[in-house]
Structure formats: structure tokens, C-alpha cells
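According to the numbering used here, the stretch in the sequence shown is residues 27 to 214, in order.
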Amino acid sequence: MRYLAIPLAAALLSACSSQDDNPSAATQSEAATEAVASPASDKTASPGPKTLTLEGLGGLTIGQPVPASSSFTAGDGQIGNGCETLSSPEWPGVYAIRTNGEVRRISVADGSGVKLIEGIGPGSTIEDVRAEFPSFREEPHKYTGPEGKYLTQPGDEPRLRFEINPDGKVSIIHVGVMPELGYVEGCA
């Protein structure tokens with residue numbers, strides 16, 4: 027939503043001006059509409075339905091309950107500590123972690139077709155990730171050792187975490203908050 031705020035505000039301000047007061051008001055309004063309809067690059071584009079953002083994905087919002095209309099549901103065999111993993115048949119390759127009723131992490135893997143607005147998704151290279159996110163902390167992967175890595179955005183608010191497999195490619199992208207963002211086995 028915030029991606030539309032500035033062009034929408036420009037369009038509304040232009041529409042409020044009369045053409046007599048501002049002869050270019052119609053031109054400004056048309057330009058603002060075109061900016062929303064056809065952005066200059068993918069990085070400034072509004073997120074599409076298969077774009078993972080720090081806010082969430084597919085109706086799931088970090089820090090919020092799962093909407094009643096959502097197809098995401100908890101699976102069998104949950105740990106029972108107030109943490110559940112959620113999945114949806116409409117979102118293959120995507121799962122979420124809900125703790126005490128709130129979505130705390132969303133993860134996307136191969137087969138999901140989901141990417142970040144930067145174009146990075148499962149299968150992208152570690153070089154792609156480092157080029158877009160040079161300040162991310164690097165640590166060895168818990169199961170693959172130093173050949174695999176986690177690249178994690180520093181901070182306490184919703185953040186990104188990439189799992190890099192031993193061949194140097196992104197296997198999973200997570201967005202969420204700690205401690206769930208750092209979980210390596212579902213709710214643990």
C-alpha cells in the first residue's frame with residue numbers, strides 16, 4: 027500500500043487543482059496515473075500477488091492474525107507450545123509460522139514462484155543476494171556447515187533471512203521477526 031501513497035497523493039493533489047489555476051494540472055494528473063500504471067523499473071513497482079515484502083505475502087501480515095478468509099491452516103503434529111506452522115494448497119512452496127495467534131514468519135521455497143521486489147527468489151545466487159543486501163550478517167548453516175549459509179538482515183523489526191545451500195543458491199527466503207525468523211526446524 028505504501029508503494030502507491032506518493033503517486034496517489036500526487037494524483038489527488040493534481041485533481042484538486044482547477045485547470046484555470048494550474049494549466050498543467052491535467053498533465054500532472056495523467057503523469058501520476060501513468061507512474062502507477064507503468065513504473066520505471068521493477069524495484070519501484072508495486073508488489074504483485076507473488077511478491078514477498080517485509081509486511082507479508084498473500085493476505086498474511088507479519089504481526090497480525092491470519093485473516094478468516096485465508097486458505098492458510100495449521101498442519102497436524104504441531105508442537106503445542108503456542109507455535110504452529112501454516113500452509114495452503116493455493117500457495118505451494120510457502121509456509122508460515124504463527125505464534126500465539128500472530129503470523130511471525132513467512133517462508134518461500136522452490137516451486138513457490140515468489141520473489142522479492144528486487145527479483146531475488148529461490149534459485150537466485152548468493153552473489154545476487156550480496157549485491158542487493160551487502161550489510162546482511164553471514165553465518166554457517168546449521169545442517170550443511172560452512173558450505174551453506176544464512177544471510178540475515180540485522181535489526182529487531184520484520185527482517186529478511188536467506189538460506190543458501192552448498193551450491194551457492196537461495197533455497198528459502200524468510201521474512202519475520204526474531205526469535206521465529208531464526209528457527210531452523212519449523213517451530214524450533
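Glycine included, every Cβ here is placed at the ideal spot set by N, Cα and C.
Straight-line CA distance for residue i to residue j?
| i | j | result |
| --- | --- | --- |
| G89 | E183 | 10 Å |
| S197 | I152 | 10 Å |
| I190 | E211 | 15 Å |
| P91 | P192 | 35 Å |
| G139 | D154 | 17 Å |
| T125 | G101 | 14 Å |
| G202 | G174 | 21 Å |
| E144 | L112 | 26 Å |
| A63 | S150 | Confidence at A63 is low in this model, with a pLDDT of 30, below 50, so the placement of that residue is unreliable and no value is reported for it. |
| G108 | P205 | 14 Å |
| P75 | F98 | 15 Å |
| R187 | H200 | 5 Å |
| A118 | G137 | First, the residue type needs correcting, since residue 118 is Pro and not Ala in the sequence shown. Roughly 6 Å separates the two Cα atoms. |
| P33 | I146 | Its pLDDT being 35, under 50, P33 is placed unreliably in this model, and the value from its coordinates should be taken loosely. Distance between the alpha carbons of P33 and I146 is about 25 Å. |
| Y176 | I123 | 18 Å |
| E110 | S96 | 15 Å |
| T170 | G194 | 12 Å |
| G181 | E158 | 17 Å |
| E128 | R156 | 30 Å |
| I132 | P172 | 25 Å |
| V120 | L86 | 11 Å |
| P93 | P166 | 35 Å |
| R185 | A214 | 18 Å |
| E116 | R130 | 20 Å |
Can you tell me whether residue i is buried or exposed, with buried defined as 16 or more other CB within 10 angstroms of its CB?
| i | result |
| --- | --- |
| P148 | buried |
| K168 | exposed |
| E164 | exposed |
| I207 | Residue identity differs from the one stated: residue 207 is Leu in this sequence, not Ile. Buried, because 16 or more other Cβ atoms sit within 10 Å of the Cβ of L207. |
| T178 | buried |
| L80 | exposed |
| H135 | Note that residue 135 is Ala in the sequence shown, not His. Flag for A135 reads buried. |
| S161 | exposed |
| E60 | Its pLDDT being 32, under 50, E60 is placed unreliably in this model, and the coordinates cannot settle the point. |
I'd like to confirm the pairing. Which residues does DSSP put opposite residue i in its beta bridges?
| i | result |
| --- | --- |
| V129 | R124 |
| L177 | E164 and F188 |
| K195 | T151 |
| K141 | T77 |
| G202 | R131 and R185 |
| S111 | The sequence given here places Thr at residue 111; Ser does not occur at that position. I123, per the DSSP bridge assignment. |
| L86 | L83 |
| T99 | S113 |
| G221 | With the chain covering 27 to 214 only, the question about residue 221 has no answer from this structure. |
Can you give the beta carbon distance from residue i to residue j, rounded, assuming they're within the 8 Å contact cut?
| i | j | result |
| --- | --- | --- |
| L142 | L78 | 6 Å |
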